[in-house]
Amino acid sequence: MVIGNISSCVKIWLTGSTKITGNANAPVITASGTAITGSKTIGAVPTITIPDFDATAFKNAAIANGQYFTATKSYSGSTDITPNGGIVYSEGDINISGSGRMIGCFIANGAIKISGSGDQIQVNNYPAFVTLTGKNDQSGSGKTHGLIYGGKSGSLSFDRSGSGDVTGQIICKGDFDASGSWSALTYENSTPVPPATGGGGGSGGSSGDIVGVIAWQK
């Protein structure tokens, strides 16, 4: 269920028991008669400029802390992932499975694939998961806190299934595919704070009761 208004410049397509408790606006809307409780407006929707993500400071911090990898990095098992400095940066993909918690920020020049039951814990207002040229593919029951980003390539997409809720913001330039029983988003201002100015531990602000998928603007 999405509590709030949804707009798409391409299409809104609801299947199963998915509901929007708000208004929907898109050139094409496919949904049952009761899936959208508010108004349905079919028509052109202006595109939003996806903000660029400057990964330089995050990469440099990962290098300084020994958490920079030149090829795909994979984690599995029940042990918590606690990278020194709170940032993992891979020039390849990042694959994470198992039940261990992910305590920090994970940035891949390629794709990110998350499965299993481990929760992701935010550190220092850093993003949760950032993909620069690949897909953000997440499943399982783990919760996520922070920005989930994939916006530099028009072919990028976000795919999340399972039951792990998301607190933060989700930005992708390609398809947004949500399935399962997780809440689409509990909104929290997640404008990325780079390591040079990030500070002070933890949650990056309190969770609000606004739900939606948006891009930040300055």
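Numbering-wise, the sequence shown is residues 296 to 513 according to the working numbering.
Ideal Cβ positions, reconstructed from N, Cα and C, are used throughout, including at glycine.
Proximity winner among the options, relative to residue i (alpha-carbon distances)
i      : options                        : result
ILE376 : GLN362, ASP388, ALA366         : GLN362
TYR482 : GLY395, ILE465, THR365         : ILE465
ILE443 : GLY435, SER434, PRO422         : PRO422
GLY393 : ASN360, GLY413, SER434         : GLY413
VAL488 : SER385, CYS400, THR374, ILE331 : CYS400
ALA321 : ILE298, ALA366, SER302         : SER302
ALA237 : ASN484, THR344, GLY381         : This structure cannot settle anything about residue 237, because the visible part of the chain is limited to 296 through 513.
THR344 : ALA319, SER385, CYS304         : CYS304
Which residues DSSP lists as bridging residue i, in chain order
i      : result
SER369 : ASN390
ARG396 : According to DSSP, which records beta bridges pairwise, ARG396 is partnered with nothing at all.
PHE348 : The partner list for PHE348 (beta bridge, DSSP) is empty, contrary to what the question assumes.
ASP472 : ASP454
GLY361 : GLY361 is not bridged to any residue.
VAL466 : Checking the sequence, you will find Ile at residue 466 rather than Val. ILE466 pairs with TYR444.
LYS408 : ASN390, ASP432
PHE401 : VAL383, PHE424
Contact belief for residue i with residue j at Cβ below 8 Å, rounded distance in angstroms
i      : j      : result
MET296 : THR316 : 6 Å
ASN360 : GLY387 : Their Cβ separation, rounded to whole angstroms, is 19 Å, which puts ASN360 and GLY387 out of contact at 8 Å.
- Message: Contact between the stretch 353-370 and the stretch 452-470 is defined here as three or more beta-carbon pairs at a separation below 8 Å; is this criterion met?
- Response: Fewer than three Cβ pairs drawn from the stretch 353-370 and the stretch 452-470 lie within less than 8 Å of each other, which leaves the two stretches out of contact.
- Can you list the alpha helix (DSSP H) stretches of 4 or more residues lying completely in the stretch 410-437, in chain order? Those alpha helix (DSSP H) runs which fall completely within the stretch 410-437 and span 4+ residues do not exist here.
- Contact between the stretch 347-356 and the stretch 327-336 (3+ Cβ pairs under 8 Å): No: the two stretches stay apart, fewer than three of their Cβ pairs being nearer than 8 Å.
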